[in-house]
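*Asks:* Could you have a look at this structure, given as structure tokens, before my questions?
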Amino acid sequence: LRQQGIQEINETEELSKVNDIRVKMLGKKGPLTAVLRGMKDLSKEERPKVGKFANEIRDELTKAIEVKKAELTAAQLNEKLAKEAIDVTLPGKPVIQGQPHVIQQIIDQLVDLFVGMGYEVAVGDEVEQEEYNFERLNLPKDHPARDMQDTFYVTPSVLMRTQTSPMQARMMEKHDFSKGPLKMISPGKVYRRDTDDATHSHQFHQVEGLVLGEHVTMADLKGTLEVVAKTLFGDQLEVRLRPSYFPFTEPSVEADITCFNCLGKGCAICKHTGWIEVLGAGMVHPNVLKMSGVDPDKYGGFAFGLGPDRFAMIKYGVEDIRDFYQNDVRFLNQFNQKG
Ligand code: PHE
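Heads up: the sequence shown begins at 10 in UniProt numbering, then just goes up one per residue.
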């Protein structure tokens, strides 16, 4: 019995079979149990001998089974490890990493700059009420300047905003001037009913800026714009203001920066003027202040609206604004900051 058991155990190569053997040899219906059960029929002298012997066999078999089990378990694990082995010397597959869109990079740079100067960032909604997009900015219905900013209407009084300027009205109406001046920028997407071509897109970006307080002057506006131009394009650039018109600012200006390409000498990019127009700005119109509950005799300041798309075109010499919106990675990867 002992020999047969040991042999069977040794020959097994499967873990599940080891258990079968245990049941067969040592189980209730096994031969060993039968021997132990038959002990009652033995004489007093024989009983301890047979009992001891049977117990020895049981212990031996039990041990053999345990050893075999451990052996097979280890073998199984080794096999699994061998199968799942990884060759760490194989060259890896490159992981393609995303990055901010070139326009977002410009916006991020501007946000960093303005936050550093104590401005708050207010992001508005692209779907805006007509009242905020036009009326509150001193553009009543039938105002001829609405023509230049025709847009997509969601309902007769709700539209896709044509500019980020509605955020001026939204921020000034809730500002508490007893706590200090209002300084904010608002980056985001705007829409116009334009036919797309190299310099027009029905969707583009703006960064609005607004500073209102007790002694804010046009000189502050110019100084601020100079910091913006120098940060984005380099220290050698100058800013020049030209008179212009916007219904919500008075006086209104358009700001030019020195052509970064020829540094003012004149080239094709600046149409040989030496200057490039980059944004609209002005001193906030008293009507706009009044309509949003700000006393124009006490507070005033400047606002500006610049176009990151245009900034990106100028900075990188991109000739077609549509390139920004076609999401061709061959184009976008040129602006990969990680090189
Ligand atoms: N909102 C104007 C535009 O879209 C730009 C602007 C903003 C002008 C703020 C003056 C002040 O053309």
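Just so you know, even glycine gets a beta-carbon here, dropped at the ideal spot from N, CA and C. Remember, it's a predicted structure, so these values are computed and weren't measured experimentally.
For E286, collect the residues of the same chain with a Cβ closer than 6 Å to its Cβ; drop the 5 residues on either side in sequence, then sort them by chain order.
*Replies:* Numbered from its first residue, the sequence shown carries residue 286 at position 277. Only E263 and D265 meet the Cβ criterion.
*Asks:* Tell me the DSSP secondary structure of P57 in three-state form.
*Replies:* The count along the sequence shown starts at 1 and reaches residue 57 at position 48. Reduced to three states, the DSSP call for P57 is helix.
*Asks:* From M181 to K188, what distance separates their C-alpha atoms?
*Replies:* Position 172 of the sequence shown, counted from the start, is the residue given in the question as residue 181. Position 179 of the sequence shown, counted from the start, is the residue given in the question as residue 188. For M181 and K188, the distance between alpha carbons rounds to 13 Å.
*Asks:* Please name the residue, chosen from V44, C276, V199 and H214, that lies closest to Q113 on a Cα-to-Cα basis.
*Replies:* Numbered from 1 along the sequence shown, position 104 holds the residue referred to as residue 113. Q113 has its Cα closest to that of H214, out of V44, C276, V199 and H214.
*Asks:* Can you have a look at V327 and say buried or exposed, based on whether 16 or more other CB atoms are within 10 angstroms of its CB?
*Replies:* One-based indexing of the sequence shown puts residue 327 at position 318. Counting the other Cβ atoms within 10 Å of the Cβ of V327 gives 16 or more, which makes it buried.
*Asks:* Name, in chain order, the residues that DSSP records as bridge partners for M292.
*Replies:* Residue 292 sits at position 283 when you count from the first residue of the sequence shown. Its beta-bridge partners are F311.
*Asks:* Compute the Euclidean distance between the alpha carbons of M176 and F161, then round it to the nearest angstrom.
*Replies:* Position 167 of the sequence shown, counted from the start, is the residue given in the question as residue 176. Position 152 of the sequence shown, counted from the start, is the residue given in the question as residue 161. Straight-line Cα distance between these residues: approximately 19 Å.
*Asks:* If we count the other Cβ atoms within 10 Å of its Cβ and call it buried at 16 or more, is G243 buried or exposed?
*Replies:* The count along the sequence shown starts at 1 and reaches residue 243 at position 234. With fewer than 16 Cβ atoms within 10 Å of its Cβ, G243 is classed as exposed.
*Asks:* Under the criterion of a Cβ to heavy atom distance below 6 Å, does S210 qualify as lining the ligand PHE?
*Replies:* As a working note, residue 210 is residue 201 in the sequence shown. For the ligand PHE, not one heavy atom lies less than 6 Å from the Cβ of S210.
*Asks:* Taking 7 Å as the cut-off, decide whether the C-beta atoms of F344 and V111 are in contact.
*Replies:* Numbered from 1 along the sequence shown, position 335 holds the residue referred to as residue 344. Numbered from 1 along the sequence shown, position 102 holds the residue referred to as residue 111. Result yes, Cβ atoms of F344 and V111 sit closer than 7 Å.
*Asks:* State whether the segment 315-335 contacts the segment 101-108, with contact taken as three or more CB pairs (one from each stretch) at a distance under 8 Å.
*Replies:* no
*Asks:* Is L146 closer than 7 Å to R155 when the C-beta atoms are compared?
*Replies:* Here residue 155 refers to the residue found at position 146 when the sequence shown is read from its first residue. Here residue 146 refers to the residue found at position 137 when the sequence shown is read from its first residue. Their beta carbons are not under 7 Å apart, which means R155 does not touch L146 by this criterion.
*Asks:* Report the rounded CA-to-CA distance for K198 versus Q346, giving the unit in angstroms.
*Replies:* Position 189 of the sequence shown, counted from the start, is the residue given in the question as residue 198. Position 337 of the sequence shown, counted from the start, is the residue given in the question as residue 346. Their Cα atoms are separated by approximately 23 Å.
*Asks:* Using CA atoms only, rank isn't needed, just tell me which of R331, T82, G283 and G232 is closest to A312.
*Replies:* As a position in the sequence shown, residue 312 is number 303, starting the count at 1. Closest by alpha carbon: G232.
*Asks:* Using 6 Å as the cut-off, classify the Cβ of G310 as near or not near the heavy atoms of the ligand PHE, replying yes or no.
*Replies:* The count along the sequence shown starts at 1 and reaches residue 310 at position 301. Incorrect: G310 has no Cβ contact closer than 6 Å to the ligand PHE.
*Asks:* Where does P175 sit, in a helix, a strand or coil, going by DSSP?
*Replies:* Taking the first residue of the sequence shown as position 1, residue 175 is located at position 166. Three-state DSSP puts P175 in a helix.
*Asks:* When the Cα atoms are used, what is the spatial distance from K274 to L315?
*Replies:* Within the sequence shown, the letter at position 265 stands for residue 274. Within the sequence shown, the letter at position 306 stands for residue 315. Answer to the nearest angstrom: the Cα atoms are 24 Å apart.
*Asks:* Smallest Cα separation from P295: which of M48, D96, L41 and A178?
*Replies:* As a working mapping, residue 295 is identified with position 286 in the sequence shown. Looking at the Cα atoms, A178 is the closest of the given residues.
*Asks:* Would you tell me roughly how many angstroms separate the C-alpha atoms of F62 and L24, rounded to the nearest one?
*Replies:* For the purposes of this step, residue 62 is taken as the residue at position 53 of the sequence shown. For the purposes of this step, residue 24 is taken as the residue at position 15 of the sequence shown. About 28 Å.
*Asks:* Cβ atoms of V216 and G310: under 7 Å apart, would you say?
*Replies:* For the purposes of this step, residue 310 is taken as the residue at position 301 of the sequence shown. For the purposes of this step, residue 216 is taken as the residue at position 207 of the sequence shown. No, they are not a contact pair.
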